Amino acid sequence: MPRYICSKNANDQGHYVVHELSCDFLPTVENQVNANTHDTFQGALNFLEKVNEGRGLTFTVCEHCGLKASTTTVL
Numbered sequence: 006m007p008r009y010i011c012s013k014n015a016n017d018q019g020h021y022v023v024h025e026l027s028c029d030f031l032p033t034v035e036n037q038v039n040a041n042t043h044d045t046f047q048g049a050l051n052f053l054e055k056v057n058e059g060r061g062l063t064f065t066v067c068e069h070c071g072l073k074a075s076t077t078t079v080l
């Protein structure tokens with residue numbers, strides 16, 4: 006299963022970008038949050054939603070990881 010990394014800092018749109026560990030565009034080490042291993046990006050997004058419930062954060066898949074970008078908001 007792939008390991009996923011989330012940026013600690015939001016991008017210009019206010020989204021936290023989720024990457025596969027193999028991505029060439031990972032955030033700097035000090036700006037990385039481990040999102041664990043999952044079968045799919047959706048699994049990583051679901052994990053981040055659960056651990057950040059109630060915080061109003063939005064997560065998006067890195068467009069450079071080769072997958073169609075998707076976005077999810079945690080309410």
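Mapping the sequence shown onto my numbering, position 33 (from 1) lands on 38, and the numbers just tick up by one. Quick reminder that beta carbons are idealized off the backbone N, C-alpha and C, glycines included. Since we're looking at a predicted model, the values are computed, not measured.
Alpha carbon to alpha carbon, what distance is there between ASN36 and LEU62? LEU62 and ASN36 have their alpha carbons spaced roughly 16 Å apart.
ASN14 bridges to which residues according to DSSP? According to DSSP, ASN14 shares a beta bridge with no other residue.
So which of ASN41, LEU26, ARG8 has the shortest CA-CA distance to LYS55? Among ASN41, LEU26, ARG8, the Cα nearest to that of LYS55 belongs to ASN41.
Nearest-angstrom Cα separation, counted from HIS24 out to CYS70: So the two alpha carbons sit approximately 7 Å from each other.
Would you tell me roughly how many angstroms separate the C-alpha atoms of TYR9 and LEU53, rounded to the nearest one? TYR9 and LEU53: Cα-Cα distance of roughly 10 Å.
Who pairs with ARG8 in a beta bridge, going by DSSP? For ARG8, which the question treats as bridged, DSSP gives the partners THR42.
Residue interval of the beta strand (DSSP E) (run including VAL22): VAL22 -> beta strand (DSSP E) spans 20-25.
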